[in-house]
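Q: Just so you know, we're using the working numbering here: the sequence shown kicks off at 148 and counts up by one.
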Amino acid sequence: MSTKTTRAVLSRATLSSLPDAVERPNYALDDVDIGIVHFGPGAFHRAHQAVYLDALLATDPRWSICGVSLHSAGVRDALATQDGLYTLALLDEQPSLRVIGSLREILCAPQQQAQVLTRLAQPQIKLVTLTITEKGYCLAGDGLDMAHPDIVHDVASPQTPRSAIGYLVAGLRERHRQGTAPFTVLSCDNLADNGGRLRGAVLAFAERIDSALAQWIEREVAFPRSMVDSITPATDDALRERVCSQLGVADAWPIQREAYTQWVVEDRFCNARPALESVGVTLSDDIAGYDRAKLRLLNGPHSTLAYVGSLMGIGTVAEAMRDEALAGFVERLMRQDMAPTLKAPQGFDAQAYTSAILARFRNPAIAHKLSQIAWDGSQKLPVRLMGTIADALDAGADIARLCLPVAAWMHFVRRQAQAGERLVDPLEARLGELGRAASGQAEADVPAFLALDSVFAPWSGDARIRQSITEAYAALGDGSPQATREAIRIV
Ligand code: CS2
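1. Counting only the same chain and skipping the five closest in sequence on each side, list residues whose C-beta sits under 7 angstroms from that of Lys151.
2. Go to Leu345, then tell me how far its beta strand (DSSP E) extends in each direction, as first and last residue.
3. Pick helix, strand or coil for Leu480, following the three-state DSSP scheme.
4. Return the chain-ordered list of same chain residues with a C-beta closer than 7 angstroms to the C-beta of Arg548, the five sequence neighbours on each side being excluded.
5. Do Asp340 and Arg372 come within 8 angstroms of each other at the CB atom, strictly closer than that value?
6. With respect to 7 angstroms, is the separation between the Cβ of His449 and the closest non-hydrogen atom of ligand 1 below this value?
7. Using the Cβ count rule (16 or more neighbours within 10 Å means buried), how would you classify Gln526?
8. Taking 7 angstroms as the cut-off, is the beta-carbon of Asn337 closer than that to any non-hydrogen atom of ligand 1?
9. Among the residues of its own chain, which have a CB less than 6 angstroms from the CB of Gly342, if the five just before and after it don't count?
10. Got a sec? Which residues, its chain only, sit under 8 angstroms from Arg159 by beta carbon, not counting five neighbours each side?
11. Where does Ser249 land, buried or exposed, given buried means 16+ other C-beta within 10 angstroms?
12. What are the boundary residues of the alpha helix (DSSP H) that Ala630 is part of?
13. Can you look up Gln409 in the DSSP assignment and give me helix, strand or coil?
14. Comparing the CB of Ser373 with every heavy atom of ligand 1, is any distance shorter than 7 angstroms?
15. Quick check: does the Cβ of Asn446 come within less than 7 angstroms of any heavy atom belonging to ligand 1?
16. I want to check one thing, is the minimum distance from the CB of Lys527 to the heavy atoms of ligand 1 below 7 angstroms?
17. From what residue to what residue does the beta strand (DSSP E) around Tyr284 run?
18. Return the bridge partner residues of His185 from the DSSP annotation.
19. Could you give the distance in angstroms between the alpha-carbon of Thr463 and the alpha-carbon of Gly313?
20. Please classify Val275: is it buried, with 16 or more other beta-carbons within 10 angstroms of its beta-carbon, or exposed?
21. Can you list the alpha helix (DSSP H) stretches of 4 or more residues lying completely in the segment 513-589, in chain order?
22. Any heavy atom of ligand 1 closer than 7 angstroms to the Cβ of Gln362?
23. Is the separation between the beta-carbon of Leu345 and that of Ala361 shorter than 8 angstroms?
24. Which one of Leu505, Gly579, Val455 and Glu424 has the shortest CA to CA distance from Pro628?
25. Would you decide whether Ser304 is buried or exposed? Buried here means 16 or more other CB atoms lie within 10 Å of its CB.
26. Which same chain residues end up closer than 6 angstroms to Thr331 when comparing Cβ atoms and leaving out the 5 residues on each side of it in sequence?
27. Enumerate in chain order the residues of its own chain whose CB-to-CB distance from Trp363 is below 6 angstroms, with the five nearest sequence positions on each side excluded.
28. Counting C-beta neighbours from all protein chains within 10 Å, is the total for Lys490 16 or more, i.e. buried, or is it exposed?
29. What is the C-beta distance between Ile212 and Ala197, in whole angstroms, given that I count them as a contact (C-beta under 8 angstroms)?
30. Mind checking Asn510: buried by the 16 CB within 10 Å criterion, or exposed?
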């Protein structure tokens, strides 16, 4: 568009020309040092952790970020002409804009491997954080998937890694060799016990290449758990245009999120850490419980809305919440099935938490696409829904309603595959085959899906789970909007 070519771009030079209402870095960009390497500088990181650190840099210049993309050069290239600056739009009743400056360097690992490894070895890097999504951990069942192609590659060539696990171990190995104190490794992804699982994966990898290194990591490196929360819809052209017209300069990759944000971090660091508590982060000795509550009561319902809502032909979370039948279904699911089986932190009020989440889902200022949340279902179902189903069974509760979103995912996969639509999922190829072969008959289709061990292995042997998912799949009929509407009405 012609406006894009003629308009000035957001950068250090244009910062002072922005309207007064736009918040901007409260520190001199040149005076800060890089103290953190972050893997996965996508929208969520830039809307969440980078914003906390942007606030922190005003009082402590040691903690700016080097973002490392493991695959694409998109973020690096978009922000290169902008001095790493980008705009955050906070979508509330009164939307506001803020320019974030905490990403002082962005590297694309496949093209700048040596620079990434150099950064990881520097003593000034005291913290490595990650938002690489569930699939980035290369897990299978409880541990590292040794057969994952990236892990096979990295074990064979540990000096030239591809995976996040390979990079972490390469960085720690160099520090061990040089006698440099290790960095803390902080996972910020939606996985239960994210720190524990990452630690297990790193140790398993290190053990394969150097057992003395594995012992050092086991002894010296901390992998705190964390819980992160803020709804962050993907950037679209409408946002780009709105930001551009309000700023008066162009921003190639602004991001948006709701005003609500939460970050709870286990206070277990092996090297210096930023004073995160000074910028609103909760540091706690025990965060197990917070992560489970959020995964089960926010992400579980989100995935439910994604699959059930998509079958019903609904486009966004807020639209889904305006559909009385679907909103009623998801609220029953949360209040009657998910909240009662949650082992919550002491003093945690699951019903109040549920009410707050439902209000966030209803936020009319946010167009959060169900198709975005539907991505990577094979990675999300186990952590978001299957644990609740297992706990409900243990408590002797009915699981019919809880199994419906799982069956809806199967119908969703079938519908997408048969319509020739792409499925964004690490199991895309396998799911495509399953979806194309599915007949719509529950007795044939459900066992084929349940045979996906990486998704269902711990649960697929349970006859009650098999039966409930089969019944739910049958209740969804042909997966059409009408049949789905009928199914959620009666369960
Ligand atoms: C969503 C999450 O896309 C998804 O799967 O459930 O990204 C969700 O918006 C965040 O976890 C909220 O903190």
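Glycine residues also receive a C-beta, built at the ideal position from the N, C-alpha and C atoms.
Given the structure is predicted, the values throughout are model-derived calculations rather than measurements.
A: Checking against the coordinates, here is how it stands:
1. Start at 1 with the first residue of the sequence shown, and residue 151 comes out as number 4. Residue confidence is low: Lys151 scores 47 on pLDDT, short of 50, so the model does not pin down where it sits. No coordinate-derived value is stated.
2. Start at 1 with the first residue of the sequence shown, and residue 345 comes out as number 198. No beta strand (DSSP E) contains Leu345, which is instead part of the alpha helix (DSSP H) from Asn341 to Ile356.
3. Sequence index remark: in the sequence shown, residue 480 carries index 333 (1-based). Helix at Leu480.
4. Here the question's residue 548 lines up with position 401 in the sequence shown. Result list for Arg548: Arg479, Leu480, Asp484 and Val638, in chain order.
5. Reading the sequence shown from its first residue, position 225 is the one you call residue 372. Reading the sequence shown from its first residue, position 193 is the one you call residue 340. Yes, they are a contact pair.
6. Here residue 449 is taken as the residue at index 302 of the sequence shown, counted from 1. It does: the Cβ of His449 is within 7 angstroms (strictly closer) of some heavy atom of ligand 1.
7. Stepping through the sequence shown from its first residue, residue 526 is reached at position 379. Buried: at least 16 other Cβ atoms inside 10 Å.
8. The residue labelled residue 337 in the question sits at position 190 within the sequence shown. Result yes, Cβ under 7 angstroms from ligand 1.
9. Position 195 of the sequence shown holds residue 342. These residues qualify, in order along the chain: Ser334, Phe370, Pro371 and Arg372.
10. Working through the sequence shown from its first residue, we reach residue 159 at position 12. Excluding residues up to 5 positions away in sequence, Leu176, Asp230 and Leu232 lie with their Cβ nearer than 8 angstroms to the Cβ of Arg159 in the same chain.
11. Start at 1 with the first residue of the sequence shown, and residue 249 comes out as number 102. With 16 or more Cβ atoms within 10 Å of its Cβ, Ser249 is classed as buried.
12. Taking the sequence shown and counting its residues from 1, the one referred to as residue 630 is at position 483. First-last of the alpha helix (DSSP H) with Ala630: Pro628 to Ile637.
13. Counting from one through the sequence shown, the residue named residue 409 turns up at place 262. Here Gln409 sits in strand by DSSP.
14. On the sequence shown, residue 373 is found 226 positions in, with the first residue counted as 1. For ligand 1, not one heavy atom lies less than 7 angstroms from the Cβ of Ser373.
15. Numbered from its first residue, the sequence shown carries residue 446 at position 299. Yes, ligand 1 has a heavy atom inside 7 angstroms of this Cβ.
16. In the sequence shown, counting from the first residue as 1, residue 527 sits at position 380. Yes - ligand 1 has a heavy atom lying nearer than 7 angstroms to the Cβ of Lys527.
17. Taking the first residue of the sequence shown as 1, we reach residue 284 at position 137. That residue, Tyr284, is in no beta strand (DSSP E); it is neither H nor E in DSSP.
18. On the sequence shown, residue 185 is found 38 positions in, with the first residue counted as 1. Looking at the DSSP assignment, His185 forms a beta bridge with Gly214 and Thr276.
19. The sequence position of residue 463 within the sequence shown is 316, counting from 1. The sequence position of residue 313 within the sequence shown is 166, counting from 1. In a straight line, the C-alpha of Thr463 is about 37 angstroms away from that of Gly313.
20. Taking the sequence shown and counting its residues from 1, one reaches residue 275 at position 128. Val275 comes out buried.
21. Listed in chain order, they are 517-520, 524-528, 534-541, 547-565 and 575-584.
22. By one-based count along the sequence shown, residue 362 stands at place 215. No - ligand 1 has no heavy atom lying nearer than 7 angstroms to the Cβ of Gln362.
23. Here the question's residue 345 lines up with position 198 in the sequence shown. Here the question's residue 361 lines up with position 214 in the sequence shown. Contact flag unset, no.
24. For the purposes of this step, residue 628 is taken as residue 481 along the sequence shown, with counting starting at 1. Cα-wise, what sits closest to Pro628 is Val455.
25. Position 157 of the sequence shown, counted from the first residue, corresponds to residue 304. So Ser304 ends up on the exposed side.
26. The residue you call residue 331 lines up with position 184 of the sequence shown. Only Leu274, Ala369, Phe416, Cys417 and Asn418 meet the Cβ criterion.
27. For this step, residue 363 is matched to residue 216 along the sequence shown. So the list reads His323, once near-sequence residues are dropped.
28. The residue you call residue 490 lines up with position 343 of the sequence shown. Per the 10 Å Cβ criterion, exposed.
29. Counting from one through the sequence shown, the residue named residue 212 turns up at place 65. Counting from one through the sequence shown, the residue named residue 197 turns up at place 50. Ile212 to Ala197, Cβ: 6 angstroms. Contact.
30. Along the sequence shown, one-based indexing puts residue 510 at 363. Its Cβ being crowded by 16 or more others within 10 Å, Asn510 is buried.
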